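Protein chains: 2
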Amino acid sequence: MEHDKISKPQHSLRVTKQRKAIFAVLQGDTSHPTAEEVYLRVREQLPHISLATVYRNLKLLARQGLIREITTGDGPHRYDFQTHEHAHFHCDRCNRVYDVELDFSTRLRHELLRRGFRVRTHDLVFRGLCPACQSLSPSD
Amino acid sequence: MEHDKISKPQHSLRVTKQRKAIFAVLQGDTSHPTAEEVYLRVREQLPHISLATVYRNLKLLARQGLIREITTGDGPHRYDFQTHEHAHFHCDRCNRVYDVELDFSTRLRHELLRRGFRVRTHDLVFRGLCPACQSLSPSD
DNA sequence: ATATTTGCAAACGCTTTGCAAAATT
DNA sequence: AATTTTGCAAAGCGTTTGCAAATAT
Chain A
1 MEHDKISKPQ HSLRVTKQRK AIFAVLQGDT SHPTAEEVYL RVREQLPHIS
51 LATVYRNLKL LARQGLIREI TTGDGPHRYD FQTHEHAHFH CDRCNRVYDV
101 ELDFSTRLRH ELLRRGFRVR THDLVFRGLC PACQSLSPSD
Chain B
141 MEHDKISKPQ HSLRVTKQRK AIFAVLQGDT SHPTAEEVYL RVREQLPHIS
191 LATVYRNLKL LARQGLIREI TTGDGPHRYD FQTHEHAHFH CDRCNRVYDV
241 ELDFSTRLRH ELLRRGFRVR THDLVFRGLC PACQSLSPSD
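Residue numbers (our numbering), protein chains in the order written: chain A, 1 to 140; chain B, 141 to 280.
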């Protein structure tokens with residue numbers, strides 16, 4: 001107990017039906033759902049799951065690097081099954097989040113390293129109007 | 141809330157002492173303060189200002205493009221007097237936010253445009269350990 | 001057998017809001 | 001005079017947490 005910090009066991013993730021279901025929902029949903037949206041979809045399979053469990057697992061899975069947490073800067077976090085290098089576009093109008101396949105970080109991470117920063121993750125989020133919303137009248 | 145910017149009339153910004161003080165604090169503080177921190181500093185000048193007024197004005201000034209709102213993805217928003225193109229680094233350990241002068245968006249914005257997106261803003265936030273925190277033992 | 005995980009409810013941190021009074025234009 | 005802005009308190013949203021029971025290892 002005097003060596004708490006170093007001797008803590010490594011949180012071995014257990015395979016629960018809730019965890020599996022959450023992961024599965026995300027795997028089959030490319031819309032970058034929020035925790036609430038994941039909850040609603042998981043409930044179709046597990047009607048008694050609690051929202052807290054969804055939040056807990058999304059955080060956990062993200063920390064493990066199995067999924068990706070997206071911070072849009074407006075509203076709730078979004079979750080992405082895709083963990084590979086890519087950016088996002090968040091539409092001001094419809095709130096949809098689009099994947100943007102851009103390879104930009106290799107060079108930039110390198111620059112950060114040169115400046116002495118140890119980069120763990122990064123988020124590149126563009127905001128504006130998506131193609132669909134540009135073709136609508138400004139009022140509706 | 142979203143359609144404010146397109147449907148509301150010209151919001152002619154009035155020059156109040158609160159607004160001036162908030163802007164001035166930000167101008168003289170390169171630490172990327174939170175709304176709460178701005179509040180505490182403004183209170184030295186205007187002891188009766190309310191936190192709500194600070195929040196309101198920071199949002200307003202950011203919407204006008206006079207200051208920049210930074211979303212770190214963890215904790216409160218930060219505010220930056222610097223509005224020119226640059227990225228940020230948010231330290232996992234000390235929570236400091238560093239400016240990172242990187243020129244990356246011209247090319248990327250161009251790519252987004254080609255894909256039909258109209259980009260209004262973007263945010264690039266790196267996370268990890270800053271130089272100062274790397275030289276400390278993991279426990280303290 | 002032990003550690004983790006769950007559901008529930010309550011609390012949390014940050015931010016926004018309704019209102020009447022005050023200040024700016 | 002008209003409109004915006006303020007301070008206050010209350011509510012809001014998204015998220016986290018303490019707990020005892022249930023479950024996975």
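Glycine residues also receive a C-beta, built at the ideal position from the N, C-alpha and C atoms.
Bear in mind that the values here come from a model prediction, so they are computed numbers and not experimental data.
Rounded separation between residue i and residue j - CA only
i             : j             : result
residue 254/B : residue 177/B : 40 Å
residue 42/A  : residue 58/A  : 12 Å
residue 251/B : residue 48/A  : 45 Å
residue 170/B : residue 32/A  : 34 Å
residue 63/A  : residue 152/B : 45 Å
residue 167/B : residue 205/B : 14 Å
residue 245/B : residue 119/A : 19 Å
residue 225/B : residue 161/B : 25 Å
residue 134/A : residue 107/A : 32 Å
residue 50/A  : residue 44/A  : 12 Å
residue 100/A : residue 240/B : 22 Å
Three-way DSSP call (helix, strand, coil) for residue i in this model
i             : result
residue 88/A  : strand
residue 34/A  : strand
residue 41/A  : helix
residue 156/B : coil
residue 223/B : coil
residue 269/B : strand
residue 276/B : coil
residue 107/A : helix
residue 102/A : coil
residue 141/A : The structure shown does not extend to residue 141/A, since chain A is modelled only from 1 through 140, so no value can be given for it.
residue 262/B : strand
residue 8/A   : Because the pLDDT at residue 8/A is just 46, under 50, the model does not fix this residue reliably, and the point stays unresolved.
Close beta carbons around residue i, own chain, < 8 Å, minus the five adjacent residues each side
i             : result
residue 128/A : 89, 91, 92
residue 70/A  : 32, 77, 78, 79, 80, 88, 97, 123, 125
residue 67/A  : 23, 26, 58, 61, 79, 80, 81, 83
residue 109/A : 119, 122
Own chain, CB closer than 6 Å to residue i, minus 5 neighbours either side, in chain order
i             : result
residue 242/B : 227
residue 195/B : 175
residue 98/A  : 89
residue 165/B : 178, 181, 182
residue 257/B : none
Contact test: residue i Cβ vs the ligand FMN heavy atom, cutoff 6 Å
i            : result
residue 91/A : With respect to the ligand FMN, the structure shown offers nothing to examine, as it has no ligands at all.
Cβ separation of residue i and residue j, assumed to be a contact under 8 Å, to the nearest whole Å
i             : j             : result
residue 272/B : residue 234/B : 7 Å
residue 17/A  : residue 46/A  : 7 Å
residue 213/B : residue 265/B : 7 Å
Contacts around residue i, its chain only, beta-carbon distance under 7 Å, and the 5 residues preceding and following it disregarded
i             : result
residue 14/A  : none
residue 276/B : none
residue 19/A  : 57
residue 270/B : 229, 231, 234, 236, 238
At 4 residues or longer, what runs of the alpha helix (DSSP H) sit wholly inside the segment 46-71 of chain A?
Counting only unbroken stretches of 4 or more residues, the alpha helix (DSSP H) elements lying wholly within the segment 46-71 of chain A are 51-63, in sequence order.
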